[in-house]
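The opening residue of the sequence shown carries number 739 in the working numbering; numbering runs sequentially from there. The C-beta atom is built at its ideal place from N, Cα and C for all residues, glycine as well. All figures in this text were calculated on a predicted structure; none of them were measured in a lab.
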Amino acid sequence: MRREAKKDPPRAAPSRPTPHASLAGLSKPTLDRLAKLNISSKFDLVLHLPLRYDDETHVYPVKDAPAGRDVLIEATVVETDIKYRPRRQLVCHLEDGSGTNSTITLRFLNFYGSQVKQFAPGVRVRAFGEIRHGFFGAEMVHPRYRIVQPGAPVAEALTPVYPTTAGLGQDTLRKLIARAMASDPLEDTLPEPLIREQRLPKFRDAVFFLHNPLPEVSQQALQDRTHPAWRRMKFDELLAQQLSMRVHHQRRRGMGAPALHVRGTLVSRLLKDLPFELTQAQQRAVAQIRGDLERPHPMQRLLQGDVGSGKTIVAAIAALQCVENDFQVALMAPTEILTEQHYRKFSAWLESLGVGVAWLSGSTNKSVKKQILIDISAGRVAVVVGTHALFEDDVVFNRLGLAIIDEQHRFGVRQRLALRLKGTQASSANAGKPQAQPHQLMMSATPIPRTLAMSYYADLDVSVIDELPPGRTPVTTKLVSDARREEVIVRVHEACAAGGQAYWVCPLIEEIESDGDPEENAPQTIAKAAAKAAPTASPKPAKPRGRGGLEALQLKAAEETHEALTRAFPDLKVGLAHGRLKPAEKSAVMQAFQRNEVQVLVATTVIEVGVDVPNASLMVIENAERMGLSQLHQLRGRVGRGAAQSACILLYHAPLSAMARERLKIIFENSDGFEIARHDLHLRGPGELLGARQSGVPLLRFADLATDTDLLDAARDAATTLLAENPAAARAHLQRWLGGRGEFLKV
Ligand code: ADP
Ligand code: MG
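Structure follows, in structure tokens:
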């Protein structure tokens, strides 16, 4: 999660012990500055590729130099002066003898005394910069320049301009990089046939080319990163990622887990009592999970299904298979409300079968909690539901066999790991037995686009529920300007007076442009989002405000809406749910809504995940223009769960920024979560989509999953071939690209 990211060292953190780690001989300040650029080895220097290039390979006569871009000219100093108006500056007149209009003025606003002497009449100067035509003819302001002998050779290659940091000049960086490239043979890690088959240049050639390309190369191909040299870098990077995922996967296969055989007793009784039949897709997922659990290796499966597709029952079936084998189950969800709902569902399904379910919430009182903890460690409760409270140190499982993580994208890798280690804990108490890990089932309604699934999630097995239970009606989405709020209020009244129920969502401002948990977003997100939105969306400057202040503001909005609707609907009961309520109060409101004692629920986004009230068929979302795509999709998924025709009204505040307009268009046109996630990937890029929740998995630097699908496919195939036919090459490649960064291999 985002907050976690701040604690993490930067990706590619320094101190990785690799064979090419040595940056020996550099001063501490230089090393520190390099570390800021994530450079801690010679190979990192080699991979520090230019942002852009300057063309200093051609000297233009002053009179024909093209306007609008940086050019190189060469001319002789005629006269140098310090002028004091409009401010102190060094003004140097030159002449290149190219005929009429062959004079040019160089201006320096900051200069040293030595520069005055340097520009002595008759000296030959080569200057690089953009020519402007002012009142006194052609001039360059603060050009990069060099004193040269007439006829000195020009650069043969384009000059790289690197991303850098304060105190580290381009020249220093260029020198360091050139030295690093010279000191490493940069031998190819890929076997010859693979390079030929992929029609890629050699690694060494690609690297040399990208640092110093020849001037005739298409600048466009460099900029778009479509040049073969770029493709080679991307391919190598993707291949490294694929290989490491594979290695990780194999390692996991090598670990032990309890083999949970189907005994058939509990599961079949649960299915018999259910008021509905499993959909085909649910049955498929159940079968896949069943097979995994029977194996003596830890399952690591992601169960994906759109909002409302029925993942919970699939999880319950998996839980029972575990319980049938006398192992315990931990079910973890990101919010209290969601854990409570799970707790109630699981209790209803399992307790009649004699299976004990416990709920461990942050608000459980001390003595009750103490007893629950004793019961867990004694193995008296079979299923424990909770938030991340579940992996606090005082929770010790007796025999944890399965960890289920709902809305897994809300949890960080670290938190999932912590829960998994619970299993190790328990089994290490059983001295002598091999270390066993619990199986893991992760669930998510945020679909992962194919390319992400193939890269960042490549080590997970995935089951997809691609079918909604029967009897659902598609949700109609409407975009309505908040100027027409009164009409919307009338519409809500009609729907509820006719026996329906409605949600009225007042989002927290923190949720702007994010798909993450509002409670987890750092205030920077707000500032960033506000800054992005500022040019068109808000005439007021975005004041940085504490999270508490914003929350209070939004809470006030929700309270006002609640009051207004209560007044407008004297015949209906209007409830209010928000994050500041005590858990008991929150739960009372939610239950009243569930029982239709409350018809209109005004809520901040506490209802965002998992809430299930089939009779609610109308949802109004205020300030929808501020919300992220996946969040809108999740919210909308709360309606359309019953037989009634459902609608989601997105209220927006005009004028819309281009980004907001695009998002609303996407959510309006699409109902399929996968499609929406795919658009989201395009809009925001995988880094944002993944957030830091995949911390430990190196994000791609060169490849772009939105455009490099062909390379990703090729890299995946190559990974398979290499591991099978040339493991030495695979190892060498991993070593080069990931070095000691094995951290994520362990996740
Ligand atoms: P999600 O996948 O979003 O977690 P849930 O598991 O909460 O969805 O299921 C949504 C609703 O659909 C619940 O009320 C659940 O009982 C119901 N449901 C699940 N499977 C089926 C099915 N096969 N037929 C009918 N209703 C189902
Ligand atoms: Mg759910």
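Might you give, ordered along the chain, the residues of its own chain that have their beta carbon closer than 7 angstroms to the beta carbon of residue i, omitting 5 neighbours on each side?
i, result
"P898", "P788, Y791, R912, H949, N950"
"R1007", "L1091"
"A813", "V800, L832, E833, D834, I842, V863"
"H1420", "A1444"
"E1363", "Y1390, H1391, L1394, A1398, L1402"
"L783", "I777, L914, I915, A918"
"S1085", "V1095"
"A1467", "T927, L928, P929, L1460"
Out of curiosity, what's the CA-to-CA distance linking residue i and residue j?
i, j, result
"I915", "T843", "34 angstroms"
"A1221", "Q1292", "19 angstroms"
"L1098", "S1090", "20 angstroms"
"H1471", "K766", "30 angstroms"
"A1295", "M1365", "16 angstroms"
"R1333", "V1351", "9 angstroms"
"H1300", "N1361", "16 angstroms"
"P891", "E794", "11 angstroms"
"Q1079", "S1325", "9 angstroms"
"A803", "V809", "7 angstroms"
"Q1432", "L1190", "With a pLDDT of only 41 at Q1432, under 50, the local geometry of the prediction cannot be trusted, and no value is derived from it."
"I1110", "T1077", "16 angstroms"
"K1104", "L761", "54 angstroms"
"K1403", "S1368", "13 angstroms"
"V861", "P888", "9 angstroms"
"Q1066", "N1408", "40 angstroms"
"V1243", "E1413", "24 angstroms"
"V1024", "L1031", "10 angstroms"
"L906", "S956", "29 angstroms"
"I933", "V945", "15 angstroms"
"A1341", "D1455", "48 angstroms"
"R1137", "L1319", "35 angstroms"
"L1179", "H986", "17 angstroms"
"T910", "N848", "21 angstroms"
"S1193", "R825", "57 angstroms"
"F1014", "G1048", "11 angstroms"
"L981", "P1465", "10 angstroms"
"H1371", "E1145", "14 angstroms"
Any heavy atom of ligand 1 inside 8 angstroms of the beta-carbon of residue i?
i, result
"P923", "no"
"T1050", "yes"
"A1183", "yes"
"G1209", "yes"
"R1039", "no"
"I1203", "yes"
"E1335", "no"
"F1065", "no"
"G1043", "yes"
"D1350", "yes"
"L1016", "yes"
"Q1020", "yes"
"R970", "no"
Please return the same chain residues whose Cβ sits closer than 6 angstroms to the Cβ of residue i, not counting the five positions on each side in sequence.
i, result
"L1198", "Q1038, L1040"
"V1202", "Q1042"
"H1177", "A995, L1031, P1036, M1037, L1140"
"R1001", "E1062"
"T902", "L911"
Taking 8 angstroms as the cut-off, is the C-beta of residue i nearer than that to any heavy atom in ligand 2?
i, result
"E1145", "yes"
Just checking my contact of residue i with residue j at CB under 8 angstroms: how many whole Å lie between their CB atoms?
i, j, result
"A865", "Y850", "Not confirmed; about 17 angstroms, so no contact."
"Q936", "A1441", "At roughly 14 angstroms, the Cβ-Cβ gap does not stay under 8 angstroms, so Q936 and A1441 are not in contact."
"R1379", "M1357", "The pair is not a contact, with the Cβ atoms about 11 angstroms apart (cut-off 8 angstroms)."
"A1462", "L977", "Going by Cβ atoms, the distance from A1462 to L977 rounds to 14 angstroms, so no, they are not a contact pair."
"L1058", "V1134", "Actually they do not touch by this definition, with Cβ atoms about 23 angstroms apart."
"A1056", "I1112", "Their Cβ separation, rounded to whole angstroms, is 26 angstroms, which puts A1056 and I1112 out of contact at 8 angstroms."
Can you check whether the C-beta of residue i is within less than 9 angstroms of a C-beta belonging to chain D?
i, result
"L1402", "You won't find chain D in this structure, because it holds only one protein chain."
Here's a check: name, in chain order, each residue in its chain whose Cβ is nearer than 8 angstroms to the Cβ of residue i, leaving out the five neighbours to either side.
i, result
"F941", "L924, E925, D926, T927, L928, R970, D974"
"V797", "L810, I811, E812, R864, V892"
"T818", "L828, V829, C830, H831, V854, F857, A858, P859"
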